[in-house]
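Just below is one structure, and these are the notes that go with it.
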Amino acid sequence: MRSVSKYFDGGDTVANYKLDLEVEDGEFLVFLGPSGCGKTTALRMIAGLETPSDGEIYFDDDRVDGKQPADRNVAMVFQNYALYPHMTVRENIEYPLKIQGIPPEERDERVAETAELLHIEEQLGSDPAEISGGQRQRTSLARAIIRKPSVFLLDEPLSNLDAKLRLEMRSELKRLQSELDITTVYVTHNQEEAMSMGDRIAVMNQGTIRQVADPEELYRRPQTTWVADFIGSPPMNLFEGIQADGTVDLAGENELPTKTPTASETVSVGVRPEDMSVDSDSPETDWAIRGTVETVEPLGEYVLVNVDVDGKFVNVKVPTTDVEPEQQVSLTFEPEDAYLYDGDGEL
Ligand code: ADP
Ligand code: MG
2 MRSVSKYFDG
12 GDTVANYKLD
22 LEVEDGEFLV
32 FLGPSGCGKT
42 TALRMIAGLE
52 TPSDGEIYFD
62 DDRVDGKQPA
72 DRNVAMVFQN
82 YALYPHMTVR
92 ENIEYPLKIQ
102 GIPPEERDER
112 VAETAELLHI
122 EEQLGSDPAE
132 ISGGQRQRTS
142 LARAIIRKPS
152 VFLLDEPLSN
162 LDAKLRLEMR
172 SELKRLQSEL
182 DITTVYVTHN
192 QEEAMSMGDR
202 IAVMNQGTIR
212 QVADPEELYR
222 RPQTTWVADF
232 IGSPPMNLFE
242 GIQADGTVDL
252 AGENELPTKT
262 PTASETVSVG
272 VRPEDMSVDS
282 DSPETDWAIR
292 GTVETVEPLG
302 EYVLVNVDVD
312 GKFVNVKVPT
322 TDVEPEQQVS
332 LTFEPEDAYL
342 YDGDGEL
């Protein structure tokens, strides 16, 4: 995508603004962002279901914006995987090949192959109403890939499934994609899905791409406070501060040494919940952030402590703790675990 924008309502709604993105051959790229940020519109432009207001879209060297969906060899799967109810699973899967005029023998072969890939051989003779939600979703995936599309587009395809099935389909989809080696663009607002499936993730907000990175880098090096505040569960804690002489003054009393000063005076210091400690005693360090414990939630894997610091909530993840609600506590962290963002929110 080269500087692709999409406006609706005569320009009043900016659904996408100057998207620049190159998806590699065989890559699994995820558009991740909150509802309304423009993910579906971006995907629909790649599919040819929307025309860009501005910019260019290429498949290899072939400029495709302006081309009909049928001339792009893309397959798209939606959240509401509409199957034809009056057709069997087999007929549903076979349908795109029939339209292409592919002879019956080859159709049979490809249906068998695709059904095997998606583990729905046993369901081929059933009607959509007779099979489970997961099998229906597999059927719609089968129908999409049987044409051997050059680009596979998926818009929140798992969000109508229950939690257990969603997990199962997540790894199945990933397996399928890497087996078929199809260039895939996958839209979701679910971070876990994005992190577990994506080779790279394009984080979107308000119609723009904020960062494109692989999951590890996105987690380790969020480029802006917006991304930092979006990635992670709970996301990074951000503290406002004033920087001078290699230290950051947090809340007027805490001189936090910084490893990488920035040029700007006002800064945000980001610390992940798992990189913070919470103590009822005064800590050994010569600085600490003081607060009052709001809640202590034992979540099995870890304990989530929520601390009120001057009316702002700070999340701390610890293996165990003896602090209790309403207790005065000290929050500390290692300076090397702190991210320093400048006044514009850039790392
Ligand atoms: P997402 O998929 O991330 O939830 P969408 O791409 O559906 O976001 O929508 C992005 C923005 O564009 C929203 O403000 C939405 O209301 C607007 N939008 C999408 N499609 C249309 C349309 N056909 N007409 C007018 N506005 C639209
Ligand atoms: Mg959407």
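Take any residue in the sequence shown, count from 1 to its spot, add 1: that is its number in the working numbering.
Just so it is clear, CB atoms sit at the ideal spot from N, CA and C, and this is done for glycine as well.
Shortest gap from the CB of V65 to any heavy atom of the ligand MG: 7 Å or more. Annotation: the continuous beta strand (DSSP E) that includes P299 extends over 290-299. Contact fails between the region 219-231 and the region 66-74, because fewer than three Cβ pairs, one in each stretch, are under 8 Å apart. Under the three-state reduction of DSSP output, V112 falls in the helix class. Note on R176: under 16 other CB atoms within 10 angstroms of its CB, so exposed under the neighbour-count rule. With the criterion CB distance below 6 Å from any heavy atom of the ligand ADP, the matching residues run F9, D10, T14, A16, G34, S36, G37, C38, G39, K40, T41, T42 along the chain.
Relative to the non-hydrogen atoms of the ligand MG, the Cβ of E157 comes within a distance shorter than 7 Å of at least one. In the structure shown, P216 adopts helical secondary structure according to DSSP, grouped into three states. Between V306 and T322, the C-beta spacing is below 8 Å. Linking H120 to R137 through their CA atoms gives a straight-line distance of about 12 Å. Counting along the chain, the unbroken alpha helix (DSSP H) around S141 starts and ends at 134-146. The C-beta distance from V213 to Q244 rounds to 29 Å, too long to meet the 8 Å contact threshold.
Shown here, R45 sits in a helix according to DSSP, grouped into three states. In this structure, V31 has its beta carbon at no less than 7 Å from each heavy atom of the ligand MG. Judged by their CB atoms, G134 and L162 are nearer to each other than the 8 Å cut-off. With a cutoff of 7 Å, V188 counts as near the ligand MG, since its C-beta is closer than that to a heavy atom of the ligand. Contact annotation, G271 with C38: C-beta distance approximately 21 Å; criterion of less than 8 Å not satisfied. Remark: C-beta atoms of V315 and L300 do not approach each other more closely than 8 Å. Cβ atoms of F32 and M205 come within 8 Å of each other, at about 6 Å. Annotation for R176: the continuous alpha helix (DSSP H) segment containing it runs 164-181. Rounded to whole angstroms, the separation of the alpha carbons of V304 and G242 is 27 Å.
DSSP places A339 outside both helix and strand once states are collapsed to three, so it counts as coil. By the CB criterion at 8 Å, V5 and P35 fall outside the cutoff. Looking at the backbone, the Cα of D61 and that of Y96 are separated by about 28 Å. Annotated three-state conformation of D10 is helix, per DSSP.
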